[in-house]
Structures are given as structure tokens and as C-alpha cells.
Amino acid sequence: LQDLLEEGHKALVFSQFTSYLAIVKRYLEQRNIPFEYLDGQTRNRRERIEHFQNDPACGVFLMSLKPGGLGLNLTAADYVFLLDSWWNTAVEMQAIDRAHRIGQTRQVFAYRLICRNTVEEKIAELQVKKKELAEAILQADNNLLTDLTAADLELLLS
């Protein structure tokens, strides 16, 4: 993260756990790295967003996944970090899309942090399986619908 900031990049950092964000917040404070913070309790959202967007010194925006993942335009960022997985990939994609919007002039890089042998790894595997199954259903292969097993349907709808 320090290297990115030194190169003039800005980053969005998402977690569904404010306690996880608190750890990152302490890390940034210890290194005197300017940042903004947004969670479900944040009152002055607009001011925080404008500060991040307009202040070149403010290179990191910490956000809880749901409040920070919807309806925000944060094109000052070109890096997005998802610190933990959410079972619904659409929520994660909405978070990434905060940086990848009209007005973005740089390529956006998104990273999902996944630890081996954890719940996050299992969630990532489930996301891949659901995506593959959904894509197969949406393809023109009409035989697939008759070939679906009960387990396939349960996976898709779970």
C-alpha cells in the first residue's frame, strides 16, 4: 500500500467488519498516512467523499462493504482491496465499481484477499461454482435445463 501511495495511486479498502477496518486504520495512523473512513454510522459522508476525491494527500478510503459499496463515485481511486469475501459476488462487484465509473481515467486494479483453509476460501469456491452454473443456464444450450440435478439447483439458489 505504501508503494502505491508513493507512486501517486489511491486505494479503496473494503471490509464487511468494522473491527477489521479498525486494524487497518491503526496501521495507517501509525505511519501518518492520510485516509478517510466510512461505515454505517458515518454522518458526514459527502464531506469525506469530496475530501478523498479532491485531496491528493488523502490516498486511502476505508469503507465497510455495504454502506461503502453502493451509489458512490470514487474515481480518484485506481486500486480496490476487498479484505474479506462476501457470499454475494454482486455486492463485491458493486464495491469495485465505485472506482470503475464514468470519469475514471486510469486502469482499475481490484484485489481480493483470501487466506488458505478459511471460510473466505470456501466462499470464493462457492462464488465460482455459482457463477459457472448461472452462466451455463444463460447460454443457448436448452438441454442444460433438463440436465440440471437437484444439487445444481440447490447450489444456485443457496
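The sequence shown maps to residues 1018 to 1175 in the working numbering. Every residue, glycine too, gets a C-beta built ideally from N, C-alpha and C.
query	result
For the candidate residues 1135, 1032, 1150 and 1146, whose alpha-carbon lies nearest to that of residue 1079?	1032
Would you give the residue range spanned by the beta strand (DSSP E) that residue 1079 belongs to?	1077 to 1081
Exposed or buried, what is residue 1128 when buried is set at 16 or more other beta-carbons lying within 10 Å of its beta-carbon?	exposed
Could you tell me which residues DSSP pairs with residue 1096 in its beta bridges?	1028 and 1126
Give the single residue among 1149, 1169 and 1094 whose Cα lies nearest to the Cα of residue 1024.	1094
Return the CA-CA distance between residue 1134 and residue 1075, expressed in angstroms with no decimal places.	35 Å
Compute the distance between the beta-carbons of residue 1131 and residue 1142, then report whether it is under 7 Å.	no
Between the C-alpha atoms of residue 1068 and residue 1150, what's the straight-line distance to the nearest angstrom?	42 Å
Assuming residue 1091 contacts residue 1115 (C-beta within less than 8 Å), just tell me the rounded distance between them.	4 Å
Per DSSP, which one or two residues make a beta bridge with residue 1055?	1080
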